[in-house]
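Since the structure comes first, as structure tokens, the remarks are kept for the end.
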Amino acid sequence: MSNHHLTHGINNFIKDFDGRIYNNLEHQNLYMLDLNCDYAIEVLRQAHSKRMFVAPTKWLLVQDRRMIIDNTNVTSTYNDSILEVFEDIAVYPDSDVILARRYDNDFLELISIYRPSPQKGVIERGNWTIQSGLRMRTFDVASARRRNLQQTALKSCIVVTDPDTVNHLTDFEKITIDTITKVSYPWILHLANRMNATISFQVSNTWGYTPNNGSWSGMTGMLHRREIDIGGTTMLITADRMSVVKFIQLYTHTSACFIFRRPLVSNVKNIFTLPFKRNVWIAIAVFLALVLCLLYISMKWEYHTVKKSATYRNQLNTGEHAIGENLLVLLGAFTQQGYSYEPYIISTRIITFMLLIASLSLYTSYTANIVALLQSTTDSIKTLSDLLHSSLTLGVLDIVYFRYYFTSFEDPIRKAITEQKIEPKGRKSGWMSLEEGVNRIRNEPFALHGGRGQIYYVMQRTYQEEEKCGLSEIDYLGMTYPLLAIQKQSPYSEIIKNGALKLREYGLKYREEYRLYPRKPVCSNQAGYIKIGFTECYFAMVIMGYGMLLSVILLILEFLWYKR
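Structural data, given as structure tokens:
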């Protein structure tokens with residue numbers, strides 16, 4: 000090792016081992032121990048007490064079983080006491096311990112020191128000779144080579160919120176209840192079968208959180224205390240959980256979010272200003288101002304030019320028109336309501352005729368867009384801030400982990416959503432059942448927070464086709480998909496990781512998900528009756544109300560004027 004410039008250290012006495020072995024990112028720790036040393040057994044026991052046989056630490060144990068008698072090499076009848084020592088040492092499938100025993104100058108026996116479980120013995124790996132070189136039973140990696148756990152008894156835990164769930168784990172009944180457990184449960188059975196292990200399940204009503212005393216509860220607490228080997232229900236990743244359990248890349252393709260039907264445009268905006276863009280409205284205003292000026296000049300000139308004509312006097316245009324009358328003529332024509340004025344000269348007729356033609360074109364376009372907008376939805380609610388300030392009522396499925404997360408966030412927006420819309424003081428809280436929440440989405444401006452699969456499952460079976468359109472989602476928790484969890488430094492970590500990849504590769508993972516997590520309903524028919532209510536007519540009523548108020552004010556002013 001010195002000749003090859005490899006960093007190493009040599010010790011010939013018992014001492015504490017280097018602390019860097021506890022760094023999981025360190026993959027170059029190789030410990031080589033001469034078992035002929037007097038203190039070798041004590042070193043092994045000290046390493047066992049410090050959990051130094053777990054991955055990624057590697058061990059090479061060398062033992063010379065030759066004895067020199069009268070300067071002649073003979074094979075001794077050395078006992079196998081070293082293997083008996085490992086019966087009390089934690090060398091399980093994740094360990095990388097090789098025992099190389101030399102029987103003569105040309106032959107070395109290699110034994111892979113590990114046990115599938117505390118009840119199983121060590122397994123021989125291969126041998127080495129000068130003539131044949133290294134001969135192994137298999138050159139597979141450890142996770143494949145040690146996959147057979149020889150019916151080792153493993154323990155797991157499933158999380159259920161309804162006690163009846165344990166009776167419907169595989170029959171696809173009541174799939175909206177504890178869906179995440181019903182998806183994960185078959186995966187655990189597949190993994191155990193692949194490892195040739197047996198598995199037993201405990202039941203918990205919570206995933207596990209840290210109370211004030213610092214002790215973990217639920218499934219997380221069982222993994223932390225090493226009471227179970229593998230979690231039977233996937234769970235969300237949090238910073239505090241990552242310090243006590245290890246997550247495996249086997250996730251349930253589900254997440255929770257607020258689901259709602261996109262509101263109609265008329266519910267959130269003044270629909271009477273939407274048919275035209277801003278520059279069109281400006282152009283219309285300029286056009287009307289120009290027509291008003293031309294109409295005023297033309298009608299003024301008309302009155303002074305032909306006022307002595309008998310035909311003109313016999314018509315209604317008996318007096319000189321003021322600017323207010325010109326404005327009423329303009330508005331009557333533009334809004335398709337008609338007017339009492341009849342133009343007399345050609346210039347006035349041309350102006351009014353062009354006004355009517357332009358008004359007809361604009362009116363046709365305007366009303367056509369109004370009809371389309373009454374049936375269209377808006378995507379104005381895109382963020383949590385939009386959701387907070389919208390007119391939507393909010394609700395959340397009454398599930399234990401939702402209650403935990405909704406009260407744990409400290410950012411202002413999420414905190415305000417919880418305090419103002421989920422748990423408002425003096426009003427009924429927004430915690431509810433799945434059926435109630437989905438029904439309220441159908442019948443009112445409402446957003447429900449829950450699992451996508453659960454909500455969409457009920458929608459698929461209860462909504463009309465046109466009611467499945469316009470569904471929108473907003474993520475609230477901002478977390479990744481729930482993952483499978485195992486013990487920290489689990490002896491079966493690599494085997495389970497490879498098994499998880501195989502479940503995805505073979506399609507067994509997706510088989511359960513497709514049956515238990517329905518996808519977003521497809522909008523196949525948007526045709527339906529649109530109900531027009533006060534909300535859609537709000538701005539028209541506001542304008543009429545202001546007009547009535549203005550007319551009363553002007554009436555009072557007129558009375559005061561003529562009285563004086």
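Under numbering that gives the first Met the number 0, read the sequence shown as residues 0 to 563, first letter to last.
Even for Gly, the Cβ is constructed at its ideal location relative to N, Cα and C.
These numbers were taken from a predicted model, which means no experiment stands behind them.
For the pair T205 and M218, the Cα-to-Cα distance works out to about 7 Å. In this structure T417 touches F405 by the C-beta definition: roughly 5 Å separates them, less than 8 Å. Secondary structure note for V328: it is in no beta strand (DSSP E), and the uninterrupted alpha helix (DSSP H) holding it is I322 to F333. When secondary structure is reduced to three states using DSSP, S214 falls in the coil class, being assigned neither helix nor strand. CA-to-CA, the gap between T56 and H47 works out to about 12 Å. The shortest C-alpha to C-alpha distance from W300 to any of I283, I345, L326 and P274 is the one to I345. Listed as beta-bridge partners of V395 by DSSP are W430 and H448. D33: member of the beta strand (DSSP E) spanning L29 to D33, first to last residue.
Each residue's CA atom was taken as its position, placing S142 and T151 some 16 Å apart. Residue environment for R136: exposed (fewer than 16 other C-beta atoms within 10 angstroms of its C-beta). K508: member of the alpha helix (DSSP H) spanning L507 to L515, first to last residue. Ranking V437, T253, L386 and Y343 by CA distance to the CA of G452 puts T253 first. Residue pairing by DSSP puts L482 in a beta bridge opposite M234 and Y250.
Shown here for N195: same chain residues with a beta carbon closer than 6 Å to its own, the five before and five after excluded, namely N147 and L148 in chain order. Scanning its chain for C-beta atoms nearer than 7 Å, with the 5 sequence neighbours on each side dropped, one finds around L34 the residues L60, V61, Q62 and I81, in chain order.
Each residue's CA atom was taken as its position, placing F257 and D93 some 42 Å apart. Here F52 is buried. Its C-beta has 16 or more other C-beta atoms within 10 Å. Scanning its chain for C-beta atoms nearer than 7 Å, with the 5 sequence neighbours on each side dropped, one finds around I187 the residues S155, I198, I229 and G231, in chain order. L502 and R402 have their C-alpha atoms spaced approximately 32 Å apart.
Taking C-beta separations shorter than 7 Å and ignoring five residues to either side along the sequence, the partners of Y250 in its chain run T233, Y480, P481 and L482, following chain order. When the alpha-carbon of D161 is set against those of I398, Y505 and E341, the nearest one is in I398.
By the neighbour-count criterion, in which a residue is buried when 16 or more other Cβ atoms sit within 10 angstroms of its Cβ, Y475 is buried. Out of V244, R50, E108 and D239, the CA that lies nearest to the CA of G132 is found in E108. Ranked by Cα distance from L355, the options F333, I369 and Y338 are led by F333. Straight-line measurement puts the Cα of D105 at about 27 Å from the Cα of F85.
Buried is the label assigned to E511, since at least 16 other Cβ atoms lie within 10 Å of its Cβ. Burial is judged here by how many other beta carbons sit within 10 angstroms of a residue's own beta carbon; C468 has at least 16 and is buried. Judged by DSSP in its simplified three-state form, L148 adopts coil rather than helix or strand. Listed as beta-bridge partners of Q463 by DSSP are no residues whatsoever.
Around G337, the same chain offers G331 as residues with beta carbons nearer than 6 Å, after the five sequence neighbours per side are excluded. In this chain, V140 is not harboured by any beta strand (DSSP E), its DSSP state being neither H nor E. Classified as exposed, T128 has fewer than 16 neighbouring CB atoms from the shown chains inside 10 Å of its CB.
Taking the Cα positions, A371 is about 26 Å away from M458.
Contact between L263 and T164 fails: their C-beta atoms lie close to 39 Å from each other, not under 8 Å.
A straight line joining the alpha-carbon of N166 with that of E434 spans about 22 Å. In this structure, the CA atom of I369 is about 40 Å from the CA atom of G425.
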